[in-house]
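Here is the structure we will look at.
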Amino acid sequence: MKTVNAFLIADDHAVVRTGITITIREAFPAAEVTSVDSFAKALEQVSQNQFQVLLLDISLPGGNNLSMVNEIRKVNKAIKILMFSSFDEITFALRYLQSGADGFLSKSANNDEINTAIQTVLAGKQYVSERVKEHLFSAMIQNKGPQNPVDLLSTRETDVLQYILSGKAISEIAELMNLSPTTVSTYKNRIFDKLQVKNLVELINKCGHMNAVS
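Per the numbering used here: the sequence shown = residues 1054 to 1267.
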């Protein structure tokens, strides 16, 4: 595979893969675009080909949320990883950047923003939206850390949170994370305690979860 303008899109929704592919090819006419629908396939593609950018859905089947970035890096340290999701970007963007991603993009982004995000990471810079930048700047000038409830959680708790927000049951989360249901329930209780919520509705409101395809 050519090493110029080679993109990999990893998302389990065909409509998303098609839309992103069209957007990329409009901006990069000579681009080679490959798409996959699972994390296992994404790892296989990254190990076998030289992609410049990976657009990775944070809820990709077979992946374990935050740890996906580290697993990709073990295979290819140079690839630019642009996370994208319908989860609220203010809630999750910083955690993924801290985990080694090069950018975080909302699935509500228009074509211009998608192109800007891709150009930014290709230039070796990190990308977050203007909305996230304003949030971080506001917190900085007020001389306090970002008011992000997820910052209170451990990596494991953040993973469980994402699965809960995706509508997964305790038993499903346990299987996906290779944990016992009891352990997952413990993580769930810790999340509720740390975020000071009593039920799922309060949790969704607290995290600003976007009710869209993730």
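Glycine is no exception: its CB is placed at the ideal position from the N, C-alpha and C atoms. These numbers come from a predicted model, not from an experiment.
Query                                                                                                               : Result
The beta strand (DSSP E) enclosing Gly1156, as first and last residue numbers                                       : 1156-1159
Residue environment, Ile1143, which counts as buried when at least 16 other CB atoms sit within 10 Å                : buried
Start and end residues, alpha helix (DSSP H) containing Val1128                                                     : 1120-1128
Where Ile1062 falls, given that 16 or more other Cβ within 10 Å makes a residue buried                              : buried
Classification of His1262 by the beta-carbon crowding that lies within 10 angstroms, buried from 16 upward          : Because the pLDDT of His1262 is 46, which lies under 50, any placement of that residue in the model is unreliable, and the question is left without a value.
For Thr1087, the residue or residues it bridges with in DSSP                                                        : Leu1061
Those residues which DSSP pairs with Tyr1180 across a bridge                                                        : Gly1156
Short Cβ contact (8 Å threshold) for Gln1215 with Ser1112                                                           : yes
Any C-beta of chain B under 8 Å from that of Phe1081                                                                : Looking at the structure shown, chain B is missing, and only one protein chain is on hand.
Exposure label - Asp1141; buried when at least 16 CB within 10 Å                                                    : buried
C-alpha distance - Lys1094 paired with Glu1228, whole-angstrom precision                                            : 19 Å
Close-in-space but distant-in-sequence residues of the same chain around Ser1159 (CB under 6 Å, 5 per side omitted) : Glu1142
According to DSSP, residues forming a beta bridge with Lys1133                                                      : Val1106
Three-state class that DSSP yields for Thr1056 in the structure shown                                               : Interpretation of Thr1056 is limited by its pLDDT of 45, a score under 50 that renders its predicted location unreliable; no figure is taken from the coordinates.
Euclidean distance between Cα positions of Ala1222 and Ile1257                                                      : 15 Å
Spatial neighbours of Leu1150 in its chain, beta-carbon cut-off 8 Å, leaving aside the 5 residues before and after  : Gly1156, Phe1157, Gln1179, Val1181
Rounded separation between Gln1098 and Arg1126 - CA only                                                            : 13 Å
Inter-residue CB distance, Gly1115 and Ser1091 (contact presumed, cutoff 8 Å)                                       : 5 Å
Reference Thr1173, options Val1068, Lys1133, Ser1207, Asn1252, closest by Cα                                        : Lys1133
Assigned exposure category for Ser1100 - 16 Cβ within 10 Å defines buried                                           : exposed
Whole-angstrom distance between Thr1236 and Thr1056, CA atom to CA atom                                             : Because the pLDDT of Thr1056 is 45, which lies under 50, any placement of that residue in the model is unreliable, and the question is left without a value.
DSSP bridge partner residues for Ser1138 (one or two, in chain order)                                               : Ser1159
Through-space distance from Asn1242 to Leu1232, alpha-carbon basis                                                  : 15 Å
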